[in-house]
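Protein sequences, first through last, are from chains E and H.
Under my numbering, the first residue of the first sequence is numbered 169, with each subsequent residue one higher.
Under my numbering, the first residue of the second sequence is numbered 169, with each subsequent residue one higher.
The beta carbon of each residue, even a glycine, is placed where N, CA and C say it ideally should be.
Number of protein chains: 2
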Amino acid sequence: MNSIEIIKDELDELETKLKEFVRSDIPLATEISQYIVSSGGKRIRPTLCILTAKALFYKGKELIDLSAAIELLHTATLIHDDVVDESLVRRGKDSVQVRWSDAHGVLVGDFVYSKAFQLMAGLKEKRLIEELSNSTNKISEGEVLQLSLKAKPNFSEKEYFEVIGRKTAELFKASVVTACILSKANEKVLKSLERFSYNLGIAFQIRDDLLDYVGKEDKIGKKLGKDFEEGKITLPIVRAIELSNEEEEKFLKDNLSERNMKNFDQTLDLIINSGAIDKVKEDEDRFVRECLNELEILSPSKFKDALIGITKGLLNRNS
Amino acid sequence: MNSIEIIKDELDELETKLKEFVRSDIPLATEISQYIVSSGGKRIRPTLCILTAKALFYKGKELIDLSAAIELLHTATLIHDDVVDESLVRRGKDSVQVRWSDAHGVLVGDFVYSKAFQLMAGLKEKRLIEELSNSTNKISEGEVLQLSLKAKPNFSEKEYFEVIGRKTAELFKASVVTACILSKANEKVLKSLERFSYNLGIAFQIRDDLLDYVGKEDKIGKKLGKDFEEGKITLPIVRAIELSNEEEEKFLKDNLSERNMKNFDQTLDLIINSGAIDKVKEDEDRFVRECLNELEILSPSKFKDALIGITKGLLNRNS
């Protein structure tokens, strides 16, 4: 994802903008925000935003501000997620609340949100602000929904897609839809690319949830089985339960509800032997194919090709 | 503050708007937000916003949305404050993280923020959105500044005013300045009322910090000495240290840095006997007089009178 050479200048500008814009009169706010902003990350949302605008021939000056606002929104949710999930590691480094404290995580997360909103508020077109504020609302709904489902013993496929739709796909969608608005795309193009980006977000999250079980720890930058340990039911579990007999189902549910990591090797064997991993890959594949179909609406360009490349790359990504 | 009869209709509309607008497809988000939104509160920021707009002859339709956005911003910061401060009680009821959990506090706080931003994004004039997003940023800076000062043994008057300026006065200011923008007030009126509202916020917070030492627990809805217990240095302590001899200063600083409540009665005696309480009341009085001067720019009306009444009422408020 980092090697998108055709928008290298824009991505470099974005990095500078992110680092400069979180500067504050309060040194601690600058220090922590720059720590998290500079710790890498794939910048997939800004990349989608920039590529879409370029594919739609946008020539204006608001692209960096818009994509920086989107990345800061995402960053703020990560900081709060890490507090809530008690995550130790983010992007291969100590998470904010490990390096500082929970209080720092909550308050600097709010600071980064406020910086995102300042960038949003500076955008000329009000429709962009509305789109992003609606997206922010959906994301926070997704977080609350996920929290409310944690206590629930039976968790359906439908609920899984509701959570990841809000938590992940909404901001993928907003990244692309705002690029369409900025580029004054017609409604037909906008609707196609809205479906493209929403489905891409879904496919992206499915892959993320898959990597939590079958990824390489050094690649994903966090411990395997973290979702399981947090009692988060994701698609590999949903599919494994569907494909298991009564006894196996009980084993999975019991260990999950107790967040029992002692039997994690056995759990993992059970998930793999059930065929759940292959089934999840099929799910992902289906969403990716829908994405590729929707991209057909774009006229040929190297930016379109890059969007296709990102979409296909999802299927092979291991971090 | 609740008995502002001349804007009773608007305040009733505000209550309905607040309660309805935090409704969500996610039942838990609705439940917790309505719990906190319906638990009272003085609504002083919306009251200032509404009275200012009325005093400036505003007749449009955006006043309830604007003042609801402001109250929701305030509510979101309260929810996160309670998580960070581990507060047990808010407005006489269990705080969100006591009734639910820290995670609920963080995520529902974000949800309420997002609702505030949705309301803001819907306002016609972009300058309103910019003003409110800048204010949100200052508030979060104030929170981080306060956190960074907690560890500091020497805390100056200047730092105290920087914290409360950002944490409290900024949103008082935004409540009144946005009302001026909405009412198309001229720049001179806007600047006067900006000073009025900022100083009112300062006076309000000074009184709040005073009540933490000399208030009545049943009136303020929380335990006395809470700031002290959290290691928060507020004006009563700043003044008491100024007015104490070396030995007393050491006693105050030692107990504060250890957050030692066993000697709180002795601490309180020391603060009172030093003359700090009277000195703080003088500080407050000075800000209130400045507020009253700035209000002179308004032409006579019952709304102006109400603003004067609120300002004077601050000096006697005990909750």
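(request) Please determine, among E:Ile172, E:Leu411, E:Asp376, E:Glu330, the residue with the shortest C-alpha to C-alpha distance to Lys394 of chain E. (result) E:Asp376
(message) Less than 7 Å between C-beta atoms, sequence neighbours within five positions excluded: which residues of the same chain meet that for Val276 of chain H?
(response) Ala197, Ile200, Ser201, Ile247, Val264
(message) Within 8 Å, do at least three Cβ pairs link the region 181 to 189 of chain E to the region 199 to 218 of chain E?
(response) yes
(message) Can you list, in chain order, the residues of its chain with a C-beta nearer than 6 Å to that of Val344 of chain E? Leave out the 5 residues immediately preceding and following it.
(response) Leu216, Thr220, Leu361, Ser365
(message) If the criterion is Cβ atoms closer than 8 Å, does the pair Ile232 of chain E and Glu181 of chain E meet it?
(response) yes
(message) Strictly under 8 Å for the Cβ-Cβ distance: is Phe323 of chain H near chain E by that measure?
(response) no
(message) If you measure between the beta carbons of Leu368 of chain H and Thr479 of chain H, is that distance less than 8 Å?
(response) yes
(request) Please list, in chain order, all residues of the same chain as Arg191 of chain E whose beta carbon is under 6 Å from its beta carbon, the five residues on each side excluded. (result) Thr198
(message) If you reduce the DSSP assignment to three classes, tell me which class Lys449 of chain E lands in.
(response) helix
(request) Using a Cβ cut-off of 7 Å, pull out every chain E residue sitting near Glu230 of chain H, in sequence order please. (result) Here the premise fails: no neighbours, minimum Cβ distance about 14 Å.
(message) For Asp262 of chain E, which residues in the same chain have their Cβ closer than 8 Å to its Cβ, ignoring the five residues on either side in sequence?
(response) Leu256
(request) Pair every Cβ in the region 407 to 417 of chain H with every Cβ in the region 427 to 447 of chain H, then say whether three or more of these pairs are closer than 8 Å. (result) yes
(request) Assign Asp190 of chain E to one of three DSSP states: helix, strand, or coil. (result) The residue you asked about is not Asp; residue 190 of chain E is Val in the sequence shown. Three-state result, Val190 of chain E: coil.
(message) Between His248 of chain H and chain E, is any beta-carbon pair separated by less than 8 Å?
(response) yes
(request) Could you check the C-alpha separation between Met169 of chain H and Glu309 of chain H for me, to the nearest Å? (result) Caution applies to Met169 of chain H, whose pLDDT of 46 falls short of 50 and renders its modelled position unreliable; the model cannot decide the point.
(message) Which residues in chain H have a C-beta closer than 7 Å to the C-beta of His272 of chain E? List them in chain order.
(response) Leu315
(message) If I measure Cβ to Cβ from Ser469 of chain E and keep anything under 6 Å in the same chain, skipping five residues before and after, which residues do I get?
(response) Ala223
(request) Quick one: residues in its chain with C-beta nearer than 8 Å to the C-beta of Ile374 of chain H, no 5 flanking neighbours on either side, listed in chain order? (result) Ile332, Leu403, Val448, Asp451, Glu452, Phe455
(message) Between H:Thr245, H:Lys176, H:Glu230, H:Ile174, which has its C-alpha nearest Val205 of chain H's C-alpha?
(response) H:Thr245
(message) Using a Cβ-Cβ distance cut-off of 8 Å, determine whether Val252 of chain H contacts chain E.
(response) yes
(message) If you measure between the beta carbons of Ala315 of chain E and Ala284 of chain E, is that distance less than 8 Å?
(response) Position check: residue 315 of chain E holds Leu in this sequence, whereas Ala was assumed. In this structure, Ala284 of chain E does not lie closer than 8 Å to Leu315 of chain E by Cβ.
(request) Return the chain-ordered list of same chain residues with a C-beta closer than 7 Å to the C-beta of Leu498 of chain H, the five sequence neighbours on each side being excluded. (result) In the structure as shown, chain H starts at 169 and stops at 487, and residue 498 of chain H therefore has no counterpart that could be examined.
(request) Kindly say whether Leu392 of chain H, judged by its beta-carbon, lies nearer than 8 Å to any beta-carbon of chain E. (result) no
(request) Give the straight-line distance between the Cα atoms of Phe329 of chain E and Ile212 of chain H, rounded to the nearest whole angstrom. (result) 41 Å
(message) Suppose you measure from the CA of Leu475 of chain H to the CA of Asn461 of chain H; what does that come to, to the nearest Å?
(response) 12 Å
(request) Starting from Leu196 of chain H, find everything on chain E with Cβ-Cβ shorter than 8 Å and list it in chain order. (result) Val312, Leu313, Leu315, Ser316
(request) Output, in chain order, the set of chain E residues within a Cβ distance shorter than 7 Å of Tyr281 of chain H. (result) Tyr281
(request) Would you kindly check if the distance between the Cβ of Ile218 of chain E and the Cβ of Glu293 of chain E is under 8 Å? (result) no
(message) Between H:Met288, H:Phe323, H:Arg259, H:Ser301, which has its C-alpha nearest Leu165 of chain H's C-alpha?
(response) Chain H is shown only over 169 to 487; residue 165 of chain H falls outside these bounds and no answer can be derived.
(request) Output yes if chain H places a C-beta closer than 8 Å to the C-beta of Thr346 of chain E; else output no. (result) no
(message) Strictly by DSSP, which residues pair up with Val280 of chain E?
(response) Val280 of chain E is not bridged to any residue.
(message) Quick check: what's the CA-CA separation for Gln286 of chain H versus Leu300 of chain H?
(response) 12 Å
(request) Assuming Gly383 of chain E and Asn305 of chain E form a contact by the criterion Cβ under 8 Å, report the distance between their Cβ atoms to the nearest whole angstrom. (result) Wrong, their Cβ atoms sit about 31 Å apart, outside the cutoff.
(request) Could you tell me if Pro195 of chain E is buried or exposed, where buried requires 16 or more neighbouring beta carbons within 10 angstroms of its beta carbon? (result) exposed
(request) Look at the alpha carbon of Gly399 of chain E and the alpha carbon of Lys320 of chain E, and state the distance between them as a whole number of angstroms. (result) 10 Å
(request) Kindly identify the DSSP beta-bridge partner or partners of Lys229 of chain E. (result) DSSP, once it has assigned bridges, lists no residue as partnering Lys229 of chain E.
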